[in-house]
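J.: Counting from 1, position 35 in the sequence shown corresponds to residue 534 in my numbering; the numbering is continuous, with no gaps.
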Amino acid sequence: MDEIVEQKLRLGRRIRDLRTEAGWTQTQLAQALGISFQQVQKYEHGITRVSVVTILRVLSVLGVPADIFFAGMADPTGLPFTHAVTDPSSEQLRRDYQAIKNPEARRALRDMARVLAGGAVAKRSL
């Protein structure tokens, strides 16, 4: 199979997996992106190439970090896009995060994770 076709299929499957894990329908994702559900189908089935901008919009809408999206995927050279997380609890944490629908709660959880990891969190005015 052609490498470009394989990449389109992998990206499409990843979008589909993240969408379904978040509990979204193709129609809901399409509406959030301002496109038709048929276009979402084309992306998910690898019929249409997904632009980087569209991938970033999908990730933003679903609340998925880019490193999670690309974890385990490789470019044609075989080098990983990111270092895949191998700890099974990381995948469970991601699913739990996806289940949080409140944007403020998601932000608070991200901030807490940064603090626990030793990173600085910008102060927000309350």
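Glycine included, each C-beta is placed from N, C-alpha and C at the ideal position.
(1) Could you check what DSSP says for lysine 541 in three-state terms: helix, strand or coil?
(2) Apart from the five residues just before and just after arginine 556, which ones in its own chain have a Cβ nearer than 7 Å to its Cβ?
(3) DSSP three-state label for threonine 526, please.
(4) Return the CA-CA distance between isoleucine 514 and tyrosine 542, expressed in angstroms with no decimal places.
(5) Thinking C-beta only, is isoleucine 554 closer than 8 Å to phenylalanine 568?
(6) Are isoleucine 599 and leucine 592 touching if we call contact CB-CB under 8 Å?
(7) Work out the CA separation of valine 551 and tryptophan 523 for me, nearest whole Å.
(8) I'd like the span of the alpha helix (DSSP H) that includes threonine 519, first residue to last.
(9) Can you list, in chain order, the residues of its chain with a C-beta nearer than 6 Å to that of arginine 623? Leave out the 5 residues immediately preceding and following it.
(10) I'd like to check one pair, glutamine 597 with glycine 562: are the Cβ atoms closer than 8 Å?
T.: Taking the structure as given:
(1) Three-state result, lysine 541: helix.
(2) Sequence-distant partners of arginine 556 (beyond 5 residues in either direction) whose C-beta falls short of 7 Å from its own C-beta, in its chain, are Leu532.
(3) DSSP places threonine 526 in helix when its eight states are reduced to three.
(4) Each residue's alpha carbon lies about 8 Å from the other.
(5) Contact check for phenylalanine 568 against isoleucine 554 passes: the beta carbons are separated by less than 8 Å.
(6) No, the Cβ-Cβ distance between isoleucine 599 and leucine 592 is not below 8 Å.
(7) If I take the Cα positions, the gap works out to 21 Å.
(8) Segment 502-520, the alpha helix (DSSP H) holding threonine 519.
(9) Any reading at arginine 623 is ruled out, since the residue's pLDDT is 43, under 50, leaving its predicted position unreliable.
(10) Taking 8 Å as the cut-off, the Cβ atoms of glycine 562 and glutamine 597 count as close.
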